[in-house]
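Worksheet for the structure shown next.
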């Protein structure tokens, strides 16, 4: 059985660059999460597909999986309308939409594309990325993803033998 | 038959105060709309009930009714987090969520409550208000409203004999 | 304003033929309803579009409008699988899905198409028909219909001056 | 991580008793499926929770998982209104609702409860049951179940080491 979300050729997941963490006690690096499955949800607070689908799904994943197995993390990858999707606005968004997931703000890049978004070669938002316990990027999907498929894919990564 | 949305005691609808109009050719005053039914949808761009329900319903009303009979208007009544729900942010929101309805930005008041919101005694967002052809406030409802009820209420106001 | 559900050329609504009434105290003829708006919902109990959309919408209409203004009636127009969509099965369906709307069972015809369905020239199920206070057929639509449009159309027929 | 669907104390899954198979080439026994995960969805064709939620979810599971790993099976456990939920009616239901999942008709019991339903101690419909590769009953849940939880639970059973 091959979950259609999973990449045929995993590659090492690059480290993310975060300017500021919200909903978190302190900085969270990818290396700190080695040994756990990582769900990385890249979004923009004024992107309709994120607000209506991606962010609520990320909250469901955050509530469902045991944090000892799965780290669910949002990353605010603003590539347009930077002035109005700033840290202060994001803080209000997370508060009003009751999002408790830790969210890192992607670091601005040399052009409109922020650094983590560039490094992961994301094509837009929302994007869902799964990283396995060994730090390999195993899924990378833009747009709406079915709960059934993402639930099964995450569980498969949880169940893999330790590297 | 009494539509439960309609007020037992209509009162004259107060004029609104708008600092800036978006999606409009110029200022729109309540007096300019005399003779038409007015749907006034008060919202905030980061209020979940507005984004998920009120704004999409307002777009449906805007597309469904003949503009010669019904003027559908949004009013951005920001009463919290003023700094991040400013005109520039609202412009991005309307663009990204493809909202074509004319939207007026309520004028700041002496306290956190903007002037139109205060004058209409709105209790929060989203709020749906219906004004009849004679300028009387006929419905005023906070929260989620069924399409069936609002469609019937607007049609009833359309059908009333001219004042 | 022309509601897109309303027919350009109304015709007198034919009387229906009903073999048995469920959820009703006795037979209900179209002539008995003169002076009221009539919502006629033609369905089959094993038609997915009926079960998922048409029947729940009919229940909403039945609960929303004042019965002094609007008579909401279902008609079970079985044109396929007659053996398993019989009166006994329909009774169970209405009970299990908690449908309280009066439902007439269309009388079998010479072929597979029952008499009322034939007389109204219905093309399938679900079909929504609106009849005005004067007994004229004003709307006839197969498939899914938006609550907003049907609410406004019914209200328009309620509001028309008595014939 | 413990999926809340999974039972604390698995027990051997009893064999089912089927009077007739639909959507299947021939009889399917639980013993024939040893080595695969089994999803057993117990439903009645006129139970609203089944029609609106359980049956569509079962179809999604049937389409998503590889049949070499997971056997998805419906069982029609009629415990009320037996006369109208007979084999012929079920055949029409599956056809009209485009259900392709293999469905066994539970064998009538001494009372209203059919034999498989009795043997599995089901309390009603819809009921979702998961059986692991070794034939142990691992989940048994009545009512609506989230896609996320069921997707993860099935994947976990797929991933368990062979018994």
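Chains as they are written, first to last, in full-length UniProt numbering: chain A, 1 to 163; chain B, 1 to 163; chain C, 1 to 163; chain D, 1 to 163.
Even glycine gets a Cβ: it sits at the ideal position worked out from N, Cα and C.
Bear in mind the structure is a predicted one, so any value in this text is a computation, not a measurement.
- Chain B has no Cβ within less than 7 Å of the Cβ of residue 87 (chain A).
- Your pair residue 43 (chain A) and residue 81 (chain A) does not check out as a contact, with CB atoms roughly 13 Å apart and the cut at 8 Å.
- The C-beta of residue 151 (chain B) comes closer than 7 Å to at least one C-beta of chain C.
- Collapsing the DSSP output to three states places residue 9 (chain A) in a strand.
- If only complete runs of 3 or more residues are kept, the UniProt domain "Thioredoxin" (7 to 159) of chain C shows the beta strand (DSSP E) at 18 to 22, 37 to 43, 70 to 76, 103 to 106, 127 to 131 and 136 to 142, in order along the chain.
- Annotation: Cβ neighbours of residue 83 (chain A) in chain B (cutoff 7 Å, chain order): 88.
- Residues of chain A with a Cβ closer than 7 Å to the Cβ of residue 48 (chain B) are, in chain order, 96 and 97.
- Residues of chain A whose Cβ lies closer than 9 Å to the Cβ of residue 60 (chain D) are, in chain order, 146 and 148.
- Three or more Cβ pairs closer than 8 Å define a contact, and the region 43 to 54 of chain D falls short of that threshold against the region 1 to 16 of chain D.
- Residue-level contact check: residue 155 (chain B) touches chain C, since one or more beta carbons of chain C fall below 7 Å from its beta carbon.
- At a cut-off of 7 Å between beta carbons, residue 93 (chain A) contacts chain B.
- Only exposed fits residue 111 (chain D), as fewer than 16 other CB atoms lie within 10 angstroms of its CB.
- Closer than 7 Å at the C-beta level to chain D, one finds no residue of the region 128 to 144 of chain A.
- Going by C-alpha positions, residue 125 (chain D) is about 25 Å away from residue 26 (chain D).
- Within chain B, 51 have C-beta atoms less than 7 Å from the C-beta of residue 51 (chain A), given in sequence order.
- Fewer than three pairs of CB atoms, one per stretch, sit closer than 8 Å, so the region 139 to 146 of chain A makes no contact with the region 100 to 108 of chain A.
- By the neighbour-count criterion, in which a residue is buried when 16 or more other Cβ atoms sit within 10 angstroms of its Cβ, residue 147 (chain D) is buried.
- Cβ neighbours of residue 138 (chain D) within its own chain (closer than 7 Å, five residues either side excluded): 6, 7, 10, 130, 131, 132 and 157.
- At least one CB of chain B lies nearer than 7 Å to the CB of residue 159 (chain C).
- Contact between residue 96 (chain C) and residue 114 (chain D) is absent: CB atoms are separated by about 18 Å, not below the 8 Å threshold.
- The beta-carbon separation of residue 37 (chain D) and residue 69 (chain D), rounded to 6 Å, stays under the 8 Å limit for a contact.
- Rounded to whole angstroms, the Cβ separation of residue 89 (chain B) and residue 84 (chain A) is 4 Å, and the two are in contact under 8 Å.
- Closest in alpha carbon position to residue 92 (chain A), among A:22, A:127, A:32 and A:41, is A:22.
- Comparing C-alpha distances from residue 98 (chain C) to each of C:63, C:40 and C:135 shows the shortest one belongs to C:63.
- For residue 35 (chain A), same chain residues with a beta-carbon under 6 Å away, outside a window of 5 residues either side, are 133 in chain order.
- Excluding five sequence positions before and after residue 12 (chain C), the CB atoms of its chain that fall closer than 8 Å to its own CB belong to 135, 136 and 137, given in chain order.
- Relative to residue 39 (chain C), the option among C:87, C:118, C:162 and C:150 whose CA is nearest is C:150.
- A straight line joining the alpha-carbon of residue 32 (chain B) with that of residue 94 (chain A) spans about 39 Å.
- Around residue 155 (chain A), the same chain offers no residue with a beta carbon nearer than 6 Å, after the five sequence neighbours per side are excluded.
- Leaving aside the five residues that flank residue 46 (chain C) on each side, the residues in its chain whose CB is nearer than 8 Å to its CB run, in chain order, 81, 84 and 85.
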